[in-house]
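Q: In mature numbering (1 follows the signal peptide of the UniProt record, and there is no 0), the protein residues as written are -20 to -1, 1 to 177. Have a look at the structure that comes next, please.
Structural data, given as structure tokens:
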């Protein structure tokens, strides 16, 4: 009987500790925007998560055109901003959640890797770049019409001329040429974020 009580007490204590250790429902959230984005991209998340009683910080370390910079230049800026926020508020003592969109996923993963003192307890990445793209079997012309102008804003034509490629080149020749350019011009990774993804 005594052993049973001890065992039951140990199990309930372990369960209580596990539950307390995994209660992430009130952890504050850091939001990482995507390329050409800014802190306002987090408005819906801020509204919904603060309604739950959470603190949400939409990071501002490199917004709009700055987000086109090389990722290796953006990561230290993100780390600096996060450390400043964490140092000035005890809300972050028990950890926090990273919520990232698009290129913000790449940057936030690099922050986790580079920031030895982070306290990330949960990580959520939406529309991350390494998940690939699929626009449908018959949508190449549509994609060229919509994504072509966007791609041209990411890298100057003097470095890589996206407009030199037509729909027939979009998923083959253009991708191959882009990779070759990146390999043959390794310093490009220090210029624009597009060369880092």
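No residue lacks a Cβ here, since even glycine has one placed at the ideal position from N, Cα and C.
So, with DSSP's three-state summary, where would you put residue 19?
A: Against the chain shown, residue 19 aligns to sequence position 39. Residue 19: helix per DSSP, three-state reduction.
Q: Judging by CA-CA distance, which residue of 132, 170, 169 is the nearest neighbour of residue 154?
A: Taking the first residue of the chain shown as 1, we reach residue 154 at position 174. Of 132, 170, 169, the residue nearest in Cα terms is 132.
Q: Tell me which same chain residues have a C-beta within less than 7 Å of the C-beta of residue 25, skipping the five on either side of it?
A: Mapped onto the chain shown, residue 25 falls at position 45. Closer than 7 Å at the Cβ level, and outside the excluded window around residue 25, lie 11, 36, 79.
Q: Mind checking residue 33: buried by the 16 CB within 10 Å criterion, or exposed?
A: Position 53 of the chain shown, counted from the start, is the residue given in the question as residue 33. Exposed.
Q: For the putative contact between residue 169 and residue 135, defined by C-beta atoms under 8 Å, what is the C-beta separation to the nearest angstrom?
A: Mapped onto the chain shown, residue 169 falls at position 189. Mapped onto the chain shown, residue 135 falls at position 155. Actually they are not in contact, since the Cβ atoms of residue 169 and residue 135 sit about 12 Å apart, beyond 8 Å.
Q: Buried or exposed for residue 23, going by 16 or more other Cβ atoms inside 10 Å?
A: Sequence index remark: in the chain shown, residue 23 carries index 43 (1-based). Exposed.
Q: Can residue 14 and residue 82 be called in contact, C-beta distance under 8 Å?
A: One-based indexing of the chain shown puts residue 14 at position 34. One-based indexing of the chain shown puts residue 82 at position 102. Yes, the pair counts as a contact, with Cβ atoms nearer than the cut-off.
Q: Exposed or buried, residue -18, counting other C-beta atoms within 10 Å across all chains shown (16 or more means buried)?
A: Translated into the one-based positions of the chain shown, residue -18 becomes position 3. With a pLDDT of 45 at residue -18, under the threshold of 50, the modelled position of that residue is not reliable, and no figure is offered here.
Q: With the cut-off set at 8 Å, would you say residue 90 and residue 51 are in Cβ contact?
A: Looking up residue 90 in the chain shown gives position 110. Looking up residue 51 in the chain shown gives position 71. Yes, the Cβ-Cβ distance between residue 90 and residue 51 is below 8 Å.
Q: Within the same chain, show all residues whose beta-carbon is closer than 8 Å to that of residue 40, passing over the 5 residues directly before and after it, in chain order.
A: Your numbering for residue 40 matches position 60 in the chain shown. Around residue 40: 18, 19, 61.
Q: Quick one: grab the DSSP three-state call for residue 130.
A: Here the question's residue 130 lines up with position 150 in the chain shown. Helix, per DSSP.
Q: Which value, in whole angstroms, describes the spacing of the CA atoms of residue 144 and residue 130?
A: Counting from 1 along the chain shown, the entry for residue 144 is found at position 164. Counting from 1 along the chain shown, the entry for residue 130 is found at position 150. Straight-line Cα distance between these residues: approximately 14 Å.
Q: At what residue ranges does the region 23 to 95 contain a whole run of the alpha helix (DSSP H), taking only runs of 4 or more?
A: Counting whole runs of 4 or more residues, the region 23 to 95 contains the alpha helix (DSSP H) stretches 23 to 31, 51 to 67, 83 to 94.
Q: Between 93, 42, 101, which has its C-alpha nearest residue 9's C-alpha?
A: The residue given as residue 9 occupies position 29 in the chain shown. Comparing Cα-Cα distances from residue 9 to each of 93, 42, 101, the minimum goes to 101.
Q: Going by other Cβ atoms of all chains shown within 10 Å of its Cβ, with 16 needed for buried, is residue 176 buried or exposed?
A: Locating residue 176 in the chain shown gives position 196, counting from the first residue. So residue 176 ends up on the buried side.
Q: What does the alpha-carbon distance come out to for the pair residue 84 and residue 99?
A: Here residue 84 corresponds to residue number 104 of the chain shown, with the count starting at 1. Here residue 99 corresponds to residue number 119 of the chain shown, with the count starting at 1. Cα to Cα, the separation comes out at about 18 Å.
Q: In three-state terms, what does DSSP make of residue 159?
A: Taking the chain shown and counting its residues from 1, the one referred to as residue 159 is at position 179. Residue 159 falls in the helix class under three-state DSSP.
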